[in-house]
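Down below is the structure, laid out as structure tokens.
Chains as they are written, first to last, in the numbering used here: chain A, 135 to 807; chain B, 53 to 129.
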């Protein structure tokens with residue numbers, strides 16, 4: 135027990151999805167976090183200390199939203215196991231349960247289960263304003279008496295209102311620890327019993343603000359119970375505005391039309407809105423690069439810094455506006471409450487392919503990054519559907535592929551933003567269609583590939599529509615963008631360093647021993663071409679030249695493709711490095727890389743390396759190939775073995791090679807070079 | 053009669069939950085318990101899933117899962 139006493143005390147927040155739990159966490163921890171509408175979106179629990187002004191010496195943990203203590207999905211199992219005994223933080227000294235009073239009876243189920251397990255519990259009643267609109271109120275004193283624990287009303291968004299709760303947490307932390315006993319098996323009957331109790335309790339603690347108070351308390355009580363239990367009583371009706379909006383957004387015909395329009399709008403905005411911002415970023419990076427080059431003069435470290443690192447980071451930074459827009463729109467959809475509706479609308483079509491409406495959010499997140507998307511798939515209870523969703527997520531064109539498509543499209547259609555945007559949308563749609571075809575095929579042969587006996591189900595709460603809190607969405611987008619840069623940045627720097635070394639050695643010094651005039655740019659160019667052809671990178675690349683040749687590509691693209699296994703966006707920076715982007719007048723980085731690509735010849739043949747055919751082929755390659763080590767690692771972890779990731783690598787990368795080959799040679803056959 | 057048989061806008065009262073149905077536990081957890089009144093609010097494309105108003109909340113549920121919720125219409129006991 136000595137460990138227990140030394141350990142910092144732990145306060146855990148528990149609550150159903152959309153009960154204000156995460157908002158409460160944000161307010162208590164003082165660190166802004168995210169409020170999520172989608173059940174289980176807080177997959178990774180957050181832990182933090184309390185905001186300093188509260189003066190509580192304990193850890194605060196936020197757990198994913200659950201509706202009861204009976205786990206159905208792996209997500210819930212982890213949450214519930216961690217609640218009883220967290221491997222690192224132990225069992226909670228105090229559990230704070232949030233209860234949305236506008237759906238009092240449903241949310242009280244979890245609070246009752248927590249109390250039955252013996253936790254020291256504080257029940258926090260939220261959304262009291264919504265209940266008041268229905269002209270009801272909860273008598274928290276009476277509720278506290280019946281439940282035998284502290285009960286408090288509070289608006290978790292308001293720091294001032296939270297003081298009494300803070301005091302309660304302090305008081306409860308000082309009390310003696312209690313004995314927690316985990317119930318191994320809850321049955322349906324148990325839940326029915328709890329609900330019966332709650333229904334009785336509900337009639338006692340609900341205060342009707344409308345009906346006149348009768349002098350006789352017994353008659354008053356009877357009158358109130360009539361109102362609560364009566365048909366169509368306001369307490370049973372969902373938010374009326376939400377119902378009105380749903381009659382349009384969930385309309386049988388218009389619903390799917392609006393859904394498709396929102397998706398289309400989201401992806402086109404990524405391109406239309408971003409392009410002026412991208413030009414701005416472009417100019418900025420270019421200026422910075424010339425500044426560094428001028429400041430450091432002509433030597434190897436200036437070369438490495440300007441061409442390798444800044445240039446490499448720059449080409450990726452250019453695509454940050456698009457990524458920010460993607461995260462922003464996703465955040466808006468999530469915050470407004472629409473995402474759960476999207477899942478409902480798409481459930482039937484997806485279920486025909488062996489997927490689930492809950493696959494929708496992971497698939498959508500896949501457009502940002504496959505890693506969080508694969509984690510988000512944990513909310514899918516059915517194992518087969520979950521694995522199938524994970525299987526197809528890499529086919530969603532993630533944001534790391536944007537820089538690559540961006541580069542290749544501006545090579546193919548220079549200056550034609552509209553056409554590029556259109557083709558880019560087509561690439562995204564094709565990715566989705568391919569993923570659905572793959573899902574359909576696998577589902578067809580599920581006995582051989584994903585053979586699990588599981589019950590497929592779809593039950594999900596549709597949250598009340600809310601006007602998205604722009605501040606929250608902005609902050610969330612910001613932290614996502616920073617995360618993206620933090621993830622991509624170091625990889626790019628490391629690979630730029632490795633590639634720079636590989637392309638510059640062993641002949642780095644050739645430059646200094648030659649007696650030719652150094653100032654002449656064409657001579658300089660020749661020297662550098664000679665150096666790179668004899669470099670380590672060339673040696674590695676030449677080994678794989680036989681593989682690249684059928685695709686009309688050479689070792690330089692091959693080396694860049696190897697580099698993409700660290701992160702796909704590295705492709706652009708490594709191409710930039712290998713083709714030694716030399717700054718020419720006021721052209722910017724990206725455009726001069728395109729010029730280099732236009733002039734690049736396949737060794738010894740005089741044939742252009744980058745043609746319409748090969749660029750189109752590369753796009754096909756990036757659409758299909760599984761070339762991200764992090765994705766492979768997380769898939770292995772989430773599916774508990776190498777079977778699925780290895781199948782993915784073989785199928786996707788094999789298909790990528792085959793279809794690239796067909797695209798390049800097909801286009802050539804029809805005279806497109 | 054089960055929830056899956058109801059039309060949009062129809063109100064019904066839960067009579068029984070079929071515990072042999074694999075989704076029954078989840079259904080009960082979401083608050084579908086005998087005696088509760090519910091209303092089918094919307095049906096998605098292909099008439100599936102349904103959105104149901106229950107205990108002050110809106111719940112989306114697949115027809116397949118809704119089949120374990122037996123109901124009766126309030127005026128035909």
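Cβ coordinates follow ideal geometry from the N, Cα and C atoms, glycine included.
Close-in-space but distant-in-sequence residues of the same chain around residue i (CB under 6 Å, 5 per side omitted)
i                      : result
residue 690 of chain A : 712
residue 398 of chain A : none
residue 60 of chain B  : 92, 95
residue 504 of chain A : 527, 528, 532, 765
residue 299 of chain A : 286, 288
residue 790 of chain A : 755, 758, 759
residue 684 of chain A : 795
residue 518 of chain A : 584, 586, 588
residue 205 of chain A : 211, 214
Between the CA atoms of residue j and residue i - distance to the nearest angstrom
i                      : j                      : result
residue 82 of chain B  : residue 744 of chain A : 58 Å
residue 197 of chain A : residue 148 of chain A : 6 Å
residue 415 of chain A : residue 632 of chain A : 26 Å
residue 245 of chain A : residue 269 of chain A : 24 Å
residue 121 of chain B : residue 68 of chain B  : 6 Å
residue 226 of chain A : residue 142 of chain A : 10 Å
residue 702 of chain A : residue 601 of chain A : 36 Å
residue 704 of chain A : residue 637 of chain A : 15 Å
residue 218 of chain A : residue 251 of chain A : 9 Å
residue 495 of chain A : residue 385 of chain A : 21 Å
residue 323 of chain A : residue 64 of chain B  : 22 Å
residue 682 of chain A : residue 392 of chain A : 44 Å
residue 82 of chain A  : residue 115 of chain B : Because chain A is modelled from 135 through 807, residue 82 of chain A falls outside the range shown and cannot be assessed.
residue 170 of chain A : residue 55 of chain B  : Here residue 170 of chain A scores only 38 on pLDDT, less than 50, and its place in the model is too uncertain to base an answer on.
residue 77 of chain B  : residue 336 of chain A : 22 Å
residue 460 of chain A : residue 466 of chain A : 10 Å
residue 310 of chain A : residue 210 of chain A : 29 Å
residue 615 of chain A : residue 668 of chain A : 39 Å
residue 706 of chain A : residue 697 of chain A : 10 Å
residue 314 of chain A : residue 216 of chain A : 13 Å
Limits of the beta strand (DSSP E) - the one that residue i falls within
i                      : result
residue 64 of chain B  : 63 to 69
residue 195 of chain A : 192 to 196
residue 92 of chain B  : 89 to 95
residue 340 of chain A : 340 to 342
residue 594 of chain A : 593 to 596
residue 222 of chain A : Run containing residue 222 of chain A: none; DSSP gives neither H nor E here.
residue 603 of chain A : Careful: residue 603 of chain A lies outside any beta strand (DSSP E) and carries neither H nor E.
residue 182 of chain A : 180 to 183
residue 439 of chain A : Per DSSP, residue 439 of chain A belongs to no beta strand (DSSP E) and is neither H nor E.
Spatial neighbours of residue i in its chain, beta-carbon cut-off 7 Å, leaving aside the 5 residues before and after
i                      : result
residue 623 of chain A : 447
residue 281 of chain A : 249, 257
residue 779 of chain A : 766, 769, 770
residue 271 of chain A : 265, 341, 343
residue 117 of chain B : 75, 79
residue 506 of chain A : 499
residue 797 of chain A : 750, 751, 754
residue 184 of chain A : 162, 163, 190, 192, 194
residue 144 of chain A : 192, 193, 195, 223, 224, 226, 227
Inter-residue CB distance, residue i and residue j (contact presumed, cutoff 8 Å)
i                      : j                      : result
residue 236 of chain A : residue 261 of chain A : 5 Å
residue 255 of chain A : residue 229 of chain A : 5 Å
residue 476 of chain A : residue 599 of chain A : Contact doesn't hold; Cβ gap of about 13 Å is too wide.
residue 687 of chain A : residue 747 of chain A : The Cβ separation is near 10 Å, so there is no contact.
residue 53 of chain B  : residue 104 of chain B : 15 Å between Cβ atoms; not a contact.
For residue i, the first and last residue of its enclosing alpha helix (DSSP H)
i                      : result
residue 144 of chain A : Here residue 144 of chain A belongs to no alpha helix (DSSP H); instead the beta strand (DSSP E) covers 143 to 148.
residue 215 of chain A : 208 to 218
residue 746 of chain A : 746 to 758
residue 468 of chain A : 454 to 470
residue 582 of chain A : 580 to 583
residue 244 of chain A : 238 to 250
Own chain, CB closer than 8 Å to residue i, minus 5 neighbours either side, in chain order
i                      : result
residue 728 of chain A : 541, 544, 545, 548
Interface partners of residue i on chain E, CB under 7 Å
i                     : result
residue 67 of chain B : Absent here is chain E; the protein component of the structure consists of chains A and B.
Does the pairing of the stretch 781 to 791 of chain A with the stretch 523 to 537 of chain A give three or more beta-carbon distances under 8 Å? yes
Stretch-stretch touch, CB-based, cutoff 8 Å, three pairs: the stretch 454 to 466 of chain A with the stretch 483 to 493 of chain A: no
How do the stretch 509 to 524 of chain A and the stretch 766 to 781 of chain A stand: do at least 3 beta-carbon pairs fall below 8 Å, yes or no? yes
Could you tell me whether the stretch 97 to 115 of chain B touches the stretch 472 to 484 of chain A, where touching means 3 or more Cβ pairs closer than 8 Å? yes
If we count Cβ pairs, one from each stretch, closer than 8 Å, do we get three or more for the stretch 400 to 414 of chain A versus the stretch 557 to 566 of chain A? yes
Do the stretch 572 to 585 of chain A and the stretch 423 to 443 of chain A meet, that is, are 3 or more Cβ pairs less than 8 Å apart? no
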